[in-house]
Amino acid sequence: MASNQHQRYAKAMMTWGQGYALFHPASDVHDQAKPGVCGYIDDSGLWQSIIDLNDKAALKQAGLAGPGVTVLKPAYFETWGPKYTDTVTESKAKAEAGVAAGIPVDFSTLLEYRATSGFAAVLLCGDAVKLTTYPHKDPFRRWAKDNAQKILQMCGDVAEHGFYVMTTTWSAQDVHINAWANRANSVTIGVKGSVPQAGTVSGSVQYHRGGAVGGWHQHKAVGDERRILFFGGLYFKFRRLRKSFREVAQEKWNGTLGDDEGGIFLVENGGEAYEVESHVI
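Each residue of the sequence shown is one higher than the last, beginning at 146 in our numbering.
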């Protein structure tokens with residue numbers, strides 16, 4: 146049975162308002178995790194790409210039209226302090242805690258993170274975080290509605306997992322995540338410099354990750370590669386309809402029942418019918 150840790154992480158990180166948090170930060174190169182890509186998250190919490198809407202050759206090969214004219218906004222960089230799930234409290238720690246965690250004395254500020262429930266996690270980035278985004282979701286929303294049936298034919302797993310179209314990503318090259326499930330445990334971080342506040346675009350700060358209960362998991366990018374921390378965009382959830390609920394005129398099912406954000410539409414594939422509900426993330 147697959148662990149649901151990635152789901153708990155994503156839900157508990159929603160407090161930051163930056164979209165879906167990836168417990169296993171995907172690569173923008175090897176996993177094709179970037180704005181304009183359609184894909185899904187599997188049972189293990191891994192990003193699986195289906196089609197890159199920026200790739201005209203791939204779209205042509207798949208028999209798909211593009212979303213129209215879309216232009217990325219200029220990239221924007223921020224320096225982040227530690228981000229943690231809404232099940233964690235942050236407080237200043239005493240010097241003894243730093244010694245116990247093996248943190249050098251020149252990291253004069255010590256931060257302690259404790260769980261308030263059965264799951265907790267802390268995200269720490271060792272470099273600047275990059276925001277990459279398209280300014281408008283609507284071209285991608287319309288594309289997904291027009292092509293949901295084709296996507297289902299290309300990748301049957303979306304019937305279970307649904308699919309996403311990324312329009313925004315927050316990424317870094319040096320990513321560390323620590324997760325634990327025992328409320329009696331805690332994580333201590335040493336800070337040299339000032340902890341950046343939300344929205345800071347630059348700053349000189351170093352972190353030392355103390356020895357911790359679950360251990361830090363590093364996700365290191367290679368070369369120009371980046372690791373996706375959060376992504377925003379559109380999510381399309383499939384629900385198989387019972388035969389007793391099906392309409393006779395199935396050839397008309399590829400329309401929409403609502404064309405606003407969060408609208409519902411119907412698709413049919415291989416004798417199965419699905420209600421598809423769209424969500425903004």
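C-beta atoms are modelled at their ideal positions from N, C-alpha and C, and glycine is treated no differently.
query: Nearest neighbour of residue 215, chosen from 281, 422, 298 [CA to CA]; result: 281
query: C-beta atoms of residue 165 and residue 426 nearer than 7 Å; result: yes
query: Own chain, CB closer than 7 Å to residue 213, minus 5 neighbours either side, in chain order; result: 284
query: Completely contained alpha helix (DSSP H) runs for the stretch 148-218, where each covers 4 or more residues; result: 150-157, 201-207
query: Beta-bridge partners of residue 270, as assigned by DSSP; result: 320
query: Through-space distance from residue 322 to residue 154, alpha-carbon basis; result: 10 Å
query: Which of helix, strand or coil DSSP assigns to residue 292; result: helix
query: Per DSSP, cross-strand counterpart(s) of residue 330; result: BP columns for residue 330 are empty, so no partner.
query: Residue 271 vs residue 197 beta-carbon contact at 7 Å; result: no
query: Backbone secondary structure at residue 246 - three-state DSSP; result: coil
query: For residue 401, three-class secondary structure by DSSP; result: Because residue 401 carries a pLDDT of 38, less than 50, the predicted location of this residue cannot be relied on, and the following value inherits that uncertainty. Three-state DSSP puts residue 401 in a strand.
query: Own chain partners of residue 304 with C-beta closer than 6 Å, once the 5 adjacent residues on each side are dropped; result: 383
query: Alpha helix (DSSP H) segment containing residue 306, residue limits; result: 303-306
query: Cβ distance (whole Å) where residue 234 is taken to contact residue 261 below 8 Å; result: 6 Å
query: Spatial distance of residue 420 from residue 362 (CA atoms); result: 38 Å
query: Separation of residue 238 from residue 163, as counted between CA atoms; result: 28 Å
query: Given residue 167 as reference, the closest of 183, 182, 380, 190 once Cα atoms are compared; result: 190
query: Euclidean distance between Cα positions of residue 297 and residue 286; result: 16 Å
query: Pair within 7 Å by beta-carbon distance, residue 373 and residue 316; result: yes
query: Neighbourhood of residue 422 by C-beta distance below 6 Å, restricted to the same chain and skipping five residues each side; result: 382, 409
query: Short Cβ contact (7 Å threshold) for residue 180 with residue 333; result: no
query: Between the CA atoms of residue 306 and residue 300 - distance to the nearest angstrom; result: 10 Å
query: 7 Å Cβ cutoff met for residue 192 and residue 178; result: yes
query: Outcome for residue 354 when other beta-carbon atoms lying within 10 angstroms are tallied against a minimum of 16; result: buried
query: The beta strand (DSSP E) enclosing residue 254, as first and last residue numbers; result: 254-260
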